[in-house]
Structure formats: C-alpha cells, structure tokens
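Remarks on the structure that follows.
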Amino acid sequence: MAETLPSRVVASIAFVGRAGGQVKALGGFKKGHHTVPDAANATTNAFLGKICDTELADEAEKLFQAVRAGLGYKRKDVALSVTSPIAVLTARDFTLEIFYALEERDAARYAVTTTLRDLRDADLARRDEFGRIFAGMFSEISFALKKGVRVEAVIDAIEALDGEGGLAVSYPSDCSECTIRVEGVEADVRCTGAALEVRFPRGCAPAELIEAFGAVREAFQISKALSGLIV
C-alpha cells in the first residue's frame, strides 16, 4: 500500500460507503404518529437520530463483533461508541464511522455514510480477513491532497493528451471539479482541487479500491504535467 499511495502528495485517505432508504421504513417511525420530513435541517435530522437508533446500534454492534473476531482484537484494541445518528468504532489500526442523515434533495429518504479512516497498518487492507469483513461496503476511496491542485490545470493536462493513454475528462462550466475516466478502469475519478476521489458504481473491499487507484496513477504517468499535479 505504501508504494501505491504517494505520501508526499496525500494528507489523508478514507474509504467511503453509501447506502440509505425511506425514512418511514425505519423501525422508530410510527405511522399515524410521525410525519415524514419535507426538508433536511437541524430539527428534522435530530428527529432522524431518534428513529434510526435501533438500526444504527444493530449495524454498529454487528461490525464491532466482526472486527473483533475477524482481526483477533482484544478488548483494549477496539471500542464502540453509539450516539445516534453517529456510531464510531475505534480500533487499534483504524477508525470507522457510520452516520445517518436526511437526503438534502429528498428529505423523505435518509443516507447512511460509512467511512473508514486513519488506517495505520498499511498491509491490513490487503489481508483476506479485512476483505471479508468489509466486502462490498465501500464504493469510494478519497485522498485529501496536502497542497491541493488547480482543477483547470488537471483539465488542461488531460485535454492536451487528445485521448492518448485512454484518459478523458468532463467538467462543469465553472471548472469547480472534474471527472476523469481511465480506459480499462471501472471507476470514475473526481478531482475537486482539495481531494481526489476514486468512485466505483458498486461496493468493493478496500483492497480493490486501492488496486483501482494504482491503475489510475499508472495511467497518469503518461503526462509529466498530470503526474506532477496528482501523483
């Protein structure tokens, strides 16, 4: 992992998984007593925190037991804190957060974001035990960049290639971000200037996300300008 992830450029790494559902399907929602939110704000998210506590606690406990048993952790190696709408699993080698929030565009739905960060044992992500615990859980790997990059410079570097190396880029008119496609790689790469995100259309284990980034990084080597910006 160390040889794949450029520490001189990357400040931090996080694996992100996304899920969700209908608010009225949560166990704490009482039909005839509760009303489905029509906007996402502090009050309605506080309401969500009350009605999702069972699902959150059950999910967090299941992961706690899987991590403890699967990685051979002892009591002092792993701890779980649940304060709905967030649960934090603090392990010897990483931190995992599960967070419930209403969807901004459709408050009748909730989103569940699972984030694994602070991975201290680099080789752990490639272990079979780790892969079994988190199989299919993450669809993104996000790299916070130490110095950041100019999105326009990334776009210009890719467009200068005219398709050479199988790289293509799309972006909005304000160039606030861009999405990079690499031929042969299933994932999209989103660059915001402050971060680089490799996004799969499906859930993966961490090792698969790292492998995809390795393929993206290799593709970037075709351009000195692009390589210097991100790699």
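Here the sequence shown is numbered in my numbering, starting from 11 and rising by one per residue.
Virtual Cβ for every residue (Gly too), placed ideally from N, Cα, C.
What you are looking at is a predicted structure, and each value in this text was computed from that prediction instead of being measured.
Notebook entry, point to check: In chain order, what residues of the same chain lie with their CB nearer than 7 angstroms to the CB of Phe39, ignoring the 5 residues before and after it?
Noted result: Contacts found: Val33 and Ile61.
Notebook entry, point to check: What number of angstroms, rounded off, separates the C-alpha of Ala101 from the C-alpha of Val88?
Noted result: Cα-Cα distance, rounded: 4 angstroms.
Notebook entry, point to check: Taking the DSSP output, what are the residues bridged to Ile190?
Noted result: Partner(s): Val179 and Val199.
Item checked: Proximal residues to Ala178 (C-beta, below 6 angstroms), its chain only, five neighbours per side dropped -> Excluding residues within five positions, the ones whose Cβ falls inside 6 angstroms are Arg191.
Notebook entry, point to check: Where do the N-terminal and C-terminal ends of the beta strand (DSSP E) with Thr100 fall, by residue?
Noted result: Unbroken beta strand (DSSP E) run through Thr100: Ile96 to Ala101.
Next item on the list: List the residues that DSSP assigns as beta-bridge partners of His43.
Entry: Partner(s): none; His43 has no beta bridge.
Checklist line | Cβ distance (whole Å) where Ser94 is taken to contact Gly59 below 8 angstroms | finding: Rounded to whole angstroms, the Cβ separation of Ser94 and Gly59 is 4 angstroms, and the two are in contact under 8 angstroms.
Check: Does the region 116–136 touch the region 187–201, meaning 3 or more C-beta pairs lie closer than 8 angstroms?
Finding: Contact between the region 187–201 and the region 116–136 is absent, with fewer than three C-beta pairs closer than 8 angstroms.
Checklist line | Option nearest Glu162 by Cα separation, candidates Thr189, Lys84, Lys41 and Phe140 | finding: It is Thr189.
Notebook entry, point to check: Who does Ser91 pair with in a DSSP beta bridge?
Noted result: BP columns for Ser91 point to Val98.
Item checked: Where Glu169 falls, given that 16 or more other Cβ within 10 Å makes a residue buried -> With fewer than 16 Cβ atoms within 10 Å of its Cβ, Glu169 is classed as exposed.
Item checked: Simplified DSSP state of Leu81, which is helix, strand or coil -> Three-state result, Leu81: coil.
Notebook entry, point to check: Is it buried or exposed for Asp63, if we count other Cβ within 10 angstroms and need 16 for buried?
Noted result: By the C-beta density criterion, Asp63 is buried, having at least 16 other C-beta atoms within 10 angstroms.
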